[in-house]
């Protein structure tokens, strides 16, 4: 960074020979989080995790973060401090220093827009569009955990401790995994699971002009989590990728599971003990009305 | 642009030997605009103008824009189309293609965050911190016009036509002026007038560790506009800059007025027919309660 907060713009020196990645994500009170459910520090963490996860999904390296933050007039200063603490701590771990942004009064609720810049060697970003029939489909870690916690909160459960449910409150962006997949040229296409497997895999299929067959029993799930959360629950921030060659069972310490294969059709078919059926993109409704 | 909308991140190729400028600005319904006062197209124009103006204030060249947009469920599709029309038209004029962003449901009102990326040759960004005692202070165009229109709306005037009040509804970011000042190495410090002369000049003084003496009668005003709007009214998006050498009276077709001098003190003093008094940063309250 040449010049950070305190001028009209931040000034950055882009890494030589690299392309720049840019992602923006809203984190709005009442839509993406609730102040009564989410401690401020976890809101800050989750906010930046969304952006870092997008950089991870391109095989990129985070270089800086920017935050537009609108605050209600009656928000305690402490809330803002804790929010920033969660955000900055995650940023430090991944080399995404807060380099600028905007602060405004909010017309209602806490409104945050996180912008993350990343870098990737020229022509090497892993896009959604590179999957070919015959490629295998993989997913990192385990799915459904974040949505399962959310559904408990929607069901009225209170007093959930953030540290007991890290999947939901402290999601871990898979930056090292994404980078390793890009470096080893293993992934032909990649996306992060922000809206749910059914939605995000559909994005890969649409952009690549292919379909997929997924083995329901092969989808790695958080312990005790219902299949529908693993299929349609968002906010896990794992990576879905496709690959042609041999893929190790763990990358950068994170388990990698083969869950299916890319097909010539345009549909995503789910194969399970009950037979085969089309997997429709149901997606995750965030907080707009339940699971 | 290598890859725009439709992947986890946009992929950009930064111009060789250049540094990158990044600015983000919230444009929130009820704070920065009102749907009943501002036609959608002008909201889109003003939204991007804010970001472009920040790039101008560094002497930069816009390269891409990103938009995070949250929309109420009952917003007419037409509103969004007109908003984007205004934004995209301005972007085309200044080479700031919309390269990505985020779309979300809004918990209340239209919420937009505009991110503009720009480029400037290495080490050549015009910062706020370069003003030295003896430098002259200049302002482009004329001040107070945007705030004067706003005050008429606050006073209850309805039916103002956007095309009759371009100062407020279609502000013109001074990108060519900023670039020319940087290329000719004329400006020692620069900022855009987004919050009002009294606030924005104070930023230059703070960052440069200097004061200023301003001649009230030399401040260029929109015709018929009260001095207080020119001193404290925001959203004009003119440039304030300081310079040591000879400065032409017009740059890129825009008038340039000398309004004062940088001093060793830390105060900003306003000199007028009524004598000398300290100019306090009053700033502009946007829509949070009137002028």
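Residue numbers (my numbering), protein chains in the order written: chain A, 612 to 902; chain B, 612 to 902.
From the three backbone atoms N, C-alpha and C, an ideal C-beta is built for every residue, glycine too.
Nearest to residue 643 (chain A) (by Cα), restricted to the options B:718, B:658, B:632, B:670: Ranking the options by Cα distance to residue 643 (chain A), first place goes to B:718.
The stretch 734 to 749 of chain B in contact with the stretch 811 to 823 of chain B per 3-pair CB rule at 8 Å: yes
Span of the alpha helix (DSSP H), counted from its first residue to its last, around residue 777 (chain B): According to the DSSP assignment, residue 777 (chain B) belongs to the alpha helix (DSSP H) that extends over 777 to 780.
Note down, in chain order, each residue of its chain lying with its Cβ closer than 6 Å to the Cβ of residue 666 (chain B), except the 5 sequence neighbours on either side. Counting only residues of its own chain and dropping the five nearest sequence neighbours on each side, residue 666 (chain B) has a CB closer than 6 Å to the CB of 632, 673, 727, 729.
Mind checking residue 766 (chain A): buried by the 16 CB within 10 Å criterion, or exposed? exposed
Boundaries (first-last residue) of the alpha helix (DSSP H) holding residue 630 (chain A): Here residue 630 (chain A) belongs to no alpha helix (DSSP H); instead the beta strand (DSSP E) covers 629 to 639.
Residue 701 (chain B) and residue 789 (chain B) - do their beta-carbons sit closer together than 9 Å? no
May I have a chain-ordered list of the alpha helix (DSSP H) segments no shorter than 4 residues that lie completely inside the stretch 612 to 698 of chain B? 651 to 667
Can you tell me whether residue 714 (chain B) is buried or exposed, with buried defined as 16 or more other CB within 10 angstroms of its CB? exposed
Using only alpha-carbon positions, find the residue among A:630, A:621, A:619 that is nearest to residue 624 (chain B). Nearest C-alpha to residue 624 (chain B): A:630.
Within the continuous alpha helix (DSSP H) that includes residue 757 (chain A), where are the two ends? 756 to 765
Contacts around residue 614 (chain A), its chain only, beta-carbon distance under 7 Å, and the 5 residues preceding and following it disregarded: Same-chain partners within the cutoff: 621, 622.
Kindly indicate which three-state DSSP category residue 727 (chain B) falls into: helix, strand or coil? strand
Beta-carbon separation of residue 845 (chain A) and residue 871 (chain A) under 9 Å? no
Contact list for residue 862 (chain B) against chain A, beta-carbon separation under 9 Å: Chain A residues near residue 862 (chain B): none, gap ~18 Å exceeds 9 Å.
At least one CB of chain B closer than 9 Å to the CB of residue 643 (chain A): is that the case? yes
Using a 10 Å radius around the Cβ and a threshold of 16 neighbouring Cβ atoms, would you call residue 747 (chain A) buried or exposed? buried
Assess contact between the stretch 854 to 863 of chain A and the stretch 793 to 803 of chain A, defined as three or more Cβ pairs (one per stretch) separated by less than 8 Å. Is contact present? yes
Determine the DSSP secondary structure at residue 847 (chain B), reduced to helix, strand or coil. coil
Could you check where the beta strand (DSSP E) with residue 789 (chain A) kicks off and where it finishes? No beta strand (DSSP E) contains residue 789 (chain A), which is instead part of the alpha helix (DSSP H) from 786 to 794.
Give me the Cα-Cα distance between residue 776 (chain B) and residue 669 (chain B), rounded to the nearest whole angstrom. 27 Å
Count the CB pairs spanning the stretch 831 to 847 of chain B and the stretch 751 to 768 of chain B that are closer than 8 Å, and state whether there are at least three. yes
Assign residue 785 (chain A) to one of two classes, buried (16 or more other C-beta atoms within 10 Å of its C-beta) or exposed (fewer than that). buried
Which residues of the stretch 796 to 815 of chain A have a Cβ closer than 7 Å to any Cβ of chain B? Give them in chain order. Of all residues in the stretch 796 to 815 of chain A, only 802, 803 place a beta-carbon less than 7 Å from a beta-carbon of chain B.
Considering only DSSP beta bridges, list what residue 887 (chain B) is partnered with. B:882
Three-state secondary structure assigned by DSSP to residue 711 (chain B): strand
Rounding to the nearest angstrom, what Cα-Cα distance links residue 671 (chain B) and residue 841 (chain B) in this structure? 26 Å
In chain B, what lies closer than 9 Å to residue 658 (chain A) by C-beta? Neighbours of residue 658 (chain A) on chain B: none; closest Cβ ~12 Å, over 9 Å.
Relative to the alpha-carbon of residue 891 (chain A), which residue among A:878, A:653, A:884 has its alpha-carbon at the smallest distance? Among A:878, A:653, A:884, the Cα nearest to that of residue 891 (chain A) is on A:878.
Could you tell me which of A:751, A:869, A:826 sits nearest to residue 863 (chain A), measuring between CA atoms? A:751
I need the DSSP call for residue 822 (chain B), collapsed to helix, strand or coil. strand
Inter-residue Cα distance where the pair is residue 773 (chain B) and residue 682 (chain B): Those two C-alpha atoms are separated by around 23 Å.
Does DSSP classify residue 805 (chain B) as helix, strand or coil? coil
Pull up the distance between the alpha-carbon of residue 659 (chain A) and that of residue 695 (chain A), whole angstroms please. 10 Å
Would you kindly report the start and end of the unbroken beta strand (DSSP E) that includes residue 869 (chain B)? 865 to 874
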